[in-house]
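Numbering (my numbering), first residue to last: 4 to 149. Take a look at the structure set out below.
Here's what the structure looks like:
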């Protein structure tokens with residue numbers, strides 16, 4: 004049951020990165036480098052382009068695994084839905100930092116393109132944590148002390 008979910012989320016993230024984010028990022032980089040006087044010439048090397056595409060697709064696909072991570076943490080009792088919901092503002096800051104680290108460009112459009120799905124995935128994680136949270140049983144260690 005877990006392996007199909009892992010694969011589905013990873014492939015969804017890879018598809019999002021490849022078909023949505025990369026065209027916008029590459030388009031921005033091309034317009035950023037070519038000005039009205041064509042002072043700077045865009046010189047794309049195949050190895051750098053493949054490295055850029057691979058890094059972006061991989062890290063965005065990994066970030067799409069967020070609901071599974073939080074589901075596991077909720078299942079073992081480390082996080083709960085109300086706790087995740089209470090810290091949504093902190094999550095926005097962390098998501099913004101991750102989006103800035105993942106995106107290859109400096110523009111806010113690409114950052115917002117990455118932040119949107121990550122925030123939706125965080126809210127899915129909150130919902131799953133509500134469903135799967137199992138409080139840990141407090142252990143009584145008083146018998147061990149005697």
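Glycine included, C-beta positions come from ideal geometry on N, C-alpha and C. Every value quoted in this text rests on a predicted model; they were computed, and no experiment measured them.
Contact under 9 angstroms by Cβ, residue i with residue j
{"i": "residue 59", "j": "residue 24", "result": "yes"}
{"i": "residue 124", "j": "residue 83", "result": "no"}
{"i": "residue 110", "j": "residue 19", "result": "no"}
{"i": "residue 27", "j": "residue 129", "result": "no"}
Cβ shell of residue i (< 6 angstroms), same chain only, five flanking positions each side left out
{"i": "residue 64", "result": "13, 16, 17"}
{"i": "residue 133", "result": "84"}
{"i": "residue 138", "result": "80"}
Nearest neighbour of residue i, chosen from the options [CA to CA]
{"i": "residue 101", "options": "82, 121, 88", "result": "121"}
{"i": "residue 117", "options": "4, 21, 5, 89", "result": "21"}
{"i": "residue 87", "options": "136, 33, 29, 26", "result": "136"}
{"i": "residue 72", "options": "131, 4, 7", "result": "131"}
{"i": "residue 8", "options": "68, 91, 92, 90", "result": "68"}
{"i": "residue 1", "options": "29, 62, 34", "result": "Only positions 4 to 149 of the chain appear in the structure, and residue 1 is not among them; the question remains open."}
Spatial distance of residue i from residue j (CA atoms)
{"i": "residue 104", "j": "residue 81", "result": "27 angstroms"}
{"i": "residue 48", "j": "residue 70", "result": "36 angstroms"}
{"i": "residue 115", "j": "residue 78", "result": "31 angstroms"}
{"i": "residue 74", "j": "residue 97", "result": "18 angstroms"}
{"i": "residue 5", "j": "residue 127", "result": "16 angstroms"}
{"i": "residue 34", "j": "residue 57", "result": "22 angstroms"}
{"i": "residue 61", "j": "residue 91", "result": "25 angstroms"}
{"i": "residue 95", "j": "residue 89", "result": "12 angstroms"}
{"i": "residue 46", "j": "residue 93", "result": "39 angstroms"}
Nonlocal neighbours in the same chain, by C-beta distance under 8 angstroms from residue i, ignoring five residues either side
{"i": "residue 55", "result": "107"}
{"i": "residue 99", "result": "114, 118"}
Own chain residues within Cβ distance below 7 angstroms of residue i, not counting five before or after
{"i": "residue 76", "result": "82"}
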